[in-house]
Structure formats: C-alpha cells, structure tokens
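> Sharing a structure with you now.
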Amino acid sequence: MTFNPHFSITPKLANLLTEIAVYREKILSLKVLPRREIGLIKSARLRMIHSSTAIEGNLLGLRDVEAVLAGKKPAEAQRDDITEVINYEKVLRFIDVLDKKKKIDWEKTVLKIHKLTTDELLPKKDSGHYRHGPVYIIQRPLNQIIYTAPDYKKVAKLMNDLYSWLESEATKKLSPVIIAAIVHHQFVTIHPFIDGNGRTARAWATLVLYSRGWDIKKLFALEDYYNLDRSSYYEAIRRVRQEKDLTFWLEYFSQGFLKELEQVLEKMELFSLETKTKQEPVYLSKRQREILEFAAINGKIFRSDVVDIVSVSPKTAYRELEFLSQKGFIKRKGKGSTSHYVLAEKL
Numbered sequence: 001m002t003f004n005p006h007f008s009i010t011p012k013l014a015n016l017l018t019e020i021a022v023y024r025e026k027i028l029s030l031k032v033l034p035r036r037e038i039g040l041i042k043s044a045r046l047r048m049i050h051s052s053t054a055i056e057g058n059l060l061g062l063r064d065v066e067a068v069l070a071g072k073k074p075a076e077a078q079r080d081d082i083t084e085v086i087n088y089e090k091v092l093r094f095i096d097v098l099d100k101k102k103k104i105d106w107e108k109t110v111l112k113i114h115k116l117t118t119d120e121l122l123p124k125k126d127s128g129h130y131r132h133g134p135v136y137i138i139q140r141p142l143n144q145i146i147y148t149a150p151d152y153k154k155v156a157k158l159m160n161d162l163y164s165w166l167e168s169e170a171t172k173k174l175s176p177v178i179i180a181a182i183v184h185h186q187f188v189t190i191h192p193f194i195d196g197n198g199r200t201a202r203a204w205a206t207l208v209l210y211s212r213g214w215d216i217k218k219l220f221a222l223e224d225y226y227n228l229d230r231s232s233y234y235e236a237i238r239r240v241r242q243e244k245d246l247t248f249w250l251e252y253f254s255q256g257f258l259k260e261l262e263q264v265l266e267k268m269e270l271f272s273l274e275t276k277t278k279q280e281p282v283y284l285s286k287r288q289r290e291i292l293e294f295a296a297i298n299g300k301i302f303r304s305d306v307v308d309i310v311s312v313s314p315k316t317a318y319r320e321l322e323f324l325s326q327k328g329f330i331k332r333k334g335k336g337s338t339s340h341y342v343l344a345e346k347l
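Using the UniProt record's numbering, you'd call the opening residue of the sequence shown number 1 and step up by one each time.
Here you go:
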C-alpha cells in the first residue's frame, strides 16, 4: 500500500467531528411515527438523486426528478437527464441491498456503481471499466484546462492502493466521516473513469459511511450541501490538490455533514413532539423499521427480501410482514409467487 493521505486533526476539525457524533446519537435516539420517518427517508433519497445529478449539470428540478422516479416524463426533459436520474436511483438501491455484514469487494463494487451510473450514457466499453486514455477537467466558458488526471496506465494501481488503504489498520482509529471524505477526494483526484466520476465518488462515499454503521437511518443527503454552493465544492477539492494536504477538504466535508444532520435533527425533534400527542402505538423494532425502509426505498418488498435483509426464516419474515400489514403500514398485493407488499397510502 502506497497511498498515505496527509492531513491534521485541527481544533476546528475535532470540534466538527465531536458535534457530528453528538447529533448522530440524538437522531438515533429520537422516536417518531414510522410514517414520518419513512417520509424523511423518501425526502433524503429524492434530494440525493437531484443534487448529485444537478452538480454535474443535470437540468431537472426537484419536482421533475420526483416525476421521473414516479415513471413520468416532465415536459421538455432531455433523454440523458432522465437517464441520469433513473441510473442514480438504481445506484442507491444497489448500495442499500449490499450485505454490510460481509467484507465488501471494493473494486467490484465501485465498478458496479459506475456501470449503473453510466448505463446507456457511455459506450459499454467505458461503462464500469477504468479509462484507457487521458482525462482533463475543463473550466467553462474559458475552455481552460484546470486539472489533468493521472496517466491512465497508473489508474488500476492508484485505485488498488486506495482500496488497500480503506481496509488497512490505518483507518481503524479514524472517524467514518474522515474515511468517507478521504475516499471521495482521492477518487476524484484519480478520476478513474472517462465520465461519471463525481456521481460515483459521492455514491461510494455514502456507501463507506453505511458500511461502517453510519447510515443514520438513511435520513441525510450530503449531496445537498455540495449542490447549494457548487463553486465552494469544487474549490475545496482543487485547493487541497495544490496544497497536498487534505485538512481543508476534511473540514469542508465535515461542515457539510454537520449542517445536514442539524436539519435532520430539527425535523426529527418536530415529529418527536407529535408522537407524544398520539394514542396509537408508535414504536417498531429495529427489524420492522428496516423492512419499512426497504419498502420505502424500493417501492415494494417480497418475503424473500425480508429473509435477506434482516436474516430471518421465511416463516418469521411472513409474520413480520403480516404484523406491519395489520397495523396499516403496508398492504399485500398479488398472489402466490408474485405476492408482495407496498407501503399503505397513508404513509
């Protein structure tokens, strides 16, 4: 392993990481009505897709993205913009169903993320494959080259070094936030693909957080922070390349994470107050929440999905689904092998 990121844990960064940890615990400890939590998950997912594609120039607005995900075609929407949205939604689904309990094959996973991201947007020889030529970052409208990515012959080695670092002892004592930030930056520095690097980097950073137990109920959308001020996002990436020190980027990344969690907590606290006025049972087990999360993200859930995602027998899976159905959270559709469950309309 030759990748050895240089950075310092400054007082500012240490304070940000401490605050992030505090906010995370507060969010995880709050209990809200399941329908409210599912609504927040859906909102985060929508914002992730909209912002990550918008950063790269996608012209669809938030409501347009919502329409595309519902199977509609917004007026005057470009084919590639629609495809980018559909593809990124597939990427997030892929991340969700990965078995985090098993060791992840990072190279295979990253190539899969890129393939899903660029499906029908790049030639098959480029989608899901490292580049075989030079890549330049161009500043518009001056058409000025502001960054030249490493030689394509070095890409495989640089990526393998990054994968090795991710699994090394060096990361064991680091905050998952720091690890995700470093992975994000090093990936876009290598620019291993001919196109789709930004979306792949952001999706991979999210997966790194999830894989280390930091999914935080899937309520956050880091991409929103980057999209609100794209120039600051790109400037933070460029600045640390020049300084060859990741500290500024880590502070920027952590600041964005904290701001997103602050907004999540604000909404959670509002909904938490609501639960105190309700007479209906509110609390579900962790397993039941995971089932509802899957149904919310994927639109439906089969008994076999429950068996896989919460590691239970088919009989237990059926019992959990029927319980949630009886409580009005989901409803059954289809018969026999096509039988599945979808969220109830009230959710």
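We put the CB at the ideal spot given by N, CA and C, even for glycine.
Would you say L17 and V177 are within 8 Å of each other, going by their C-beta atoms?
Yes.
> For S325, collect the residues of the same chain with a Cβ closer than 7 Å to its Cβ; drop the 5 residues on either side in sequence, then sort them by chain order.
Closer than 7 Å at Cβ, skipping near neighbours: K331, R332, Y341.
> Between V188, F187, L258, A295, which has its C-alpha nearest K26's C-alpha?
K26 has its Cα closest to that of L258, out of V188, F187, L258, A295.
> When burial is assigned at 16 or more other CB atoms within 10 Å of the CB, is L186 buried or exposed?
In the sequence on display, residue 186 carries Gln and not Leu. Under this definition Q186 is a buried residue.
> Just tell me which of E293, H129, L250 has its CA closest to the CA of residue 361.
The structure shown does not extend to residue 361, since the chain spans only 1 to 347, so no value can be given for it.
> From the DSSP output, in three-state form, read off L111 for me.
L111: helix per DSSP, three-state reduction.
> If L222 sits next to G196, beta carbons under 8 Å apart, how far is it from one beta carbon to the other, in whole angstroms?
The pair is not a contact, with the Cβ atoms about 18 Å apart (cut-off 8 Å).
> Taking only three categories from DSSP, how would you classify V342?
Strand at V342.
> Looking at the unbroken beta strand (DSSP E) that takes in I145, where does it start and where does it end?
Element bounds for I145: 144-148.
> Excluding the 5 residues flanking R45 on each side, which residues of the same chain have their C-beta closer than 7 Å to its C-beta?
Same-chain partners within the cutoff: L92, I297.
> With DSSP run on the structure shown, which of helix, strand or coil describes K333?
Three-state DSSP puts K333 in a strand.
> Tell me which residues share the same chain as Q279 and place their Cβ nearer than 7 Å to its Cβ, disregarding the 5 neighbours each side in the sequence.
For Q279, the predicted structure reports a pLDDT of 48, less than 50, and the residue's modelled location is therefore unreliable. A value from the coordinates is still provided. None.
> Taking only the alpha-carbon atoms, compute the straight-line gap between residue 350 and S313 and give it to the nearest angstrom.
With the chain represented from 1 up to 347, any question about residue 350 goes unanswered, as that position is not in the structure.
> Quick check on F193: does DSSP put it in helix, strand or coil?
F193 falls in the coil class under three-state DSSP.
> Of all the options Y210, K244, S304, which has the alpha carbon lying nearest to the alpha carbon of F94?
F94 has its Cα closest to that of Y210, out of Y210, K244, S304.
> Starting from Q139 and walking both ways along the beta strand (DSSP E), at which residues does that stretch end?
From DSSP, the beta strand (DSSP E) with Q139 extends over 136-139.
> Inspect the beta-carbon positions of E293 and V306 and report whether they are closer than 8 Å.
No. Outside cutoff.
> Alpha helix (DSSP H) containing V312: first to last residue?
That residue, V312, is in no alpha helix (DSSP H); it is neither H nor E in DSSP.
> Can you list, in chain order, the residues of its chain with a C-beta nearer than 6 Å to that of W214? Leave out the 5 residues immediately preceding and following it.
Correct list, in chain order: P176.
> Beta-carbon within less than 6 Å of L347's beta-carbon, same chain only, minus the 5 sequence neighbours each way: which residues are those?
Unreliable positioning characterises L347 in this predicted model, as indicated by a pLDDT of 48, which lies under 50. The coordinate reading is nonetheless provided below. Same-chain partners within the cutoff: R35, I38.
> Is DSSP giving I9 helix, strand or coil here?
Here I9 sits in coil by DSSP.
> How would you call L270, buried or exposed, if buried means at least 16 neighbouring beta carbons within 10 angstroms?
Exposed.
> Roughly how many whole angstroms lie between the Cα atoms of N227 and V65?
If you take the alpha carbons of N227 and V65, they lie about 15 Å apart.
> Within the chosen definition, does the segment 146-162 reach the segment 113-127 through at least 3 CB pairs nearer than 8 Å?
These segments do not touch.
> Which ranges does the alpha helix (DSSP H) cover as unbroken runs of at least 4 residues, wholly within the segment 22-105, from first to last along the chain?
Here the runs fully enclosed are 34-55, 62-69, 79-97.
> Please go through the same chain and pick out, in chain order, the residues whose beta-carbon is closer than 7 Å to the beta-carbon of L116, but skip the five residues on each side of it.
Excluding positions up to five away in sequence, the list reads N87, K90, V91, F94.
> Taking the alpha carbon of V22 as the point to measure from, which residue in K267, L261, L162 has its own alpha carbon closest?
Of the candidates K267, L261, L162, the one whose C-alpha sits nearest the C-alpha of V22 is L261.
> At which residues does the alpha helix (DSSP H) containing E235 begin and terminate?
First-last of the alpha helix (DSSP H) with E235: 230-243.
> In chain order, what residues of the same chain lie with their CB nearer than 6 Å to the CB of N58, ignoring the 5 residues before and after it?
The answer, listed in chain order, is D81, E84.
> Would you be able to state if there are at least three C-beta pairs under 8 Å between the segment 6-20 and the segment 236-248?
Touching, per the Cβ criterion.
> If you draw a straight line from the alpha carbon of I237 to that of G334, how long is it in whole angstroms?
Rounded to the nearest angstrom, the two C-alpha atoms are 49 Å apart.
> Within its chain, find whatever has a CB closer than 7 Å to the CB of F220; leave out the 5 residues flanking it on each side and keep chain order.
The residues are A44, E260, L261, V264.
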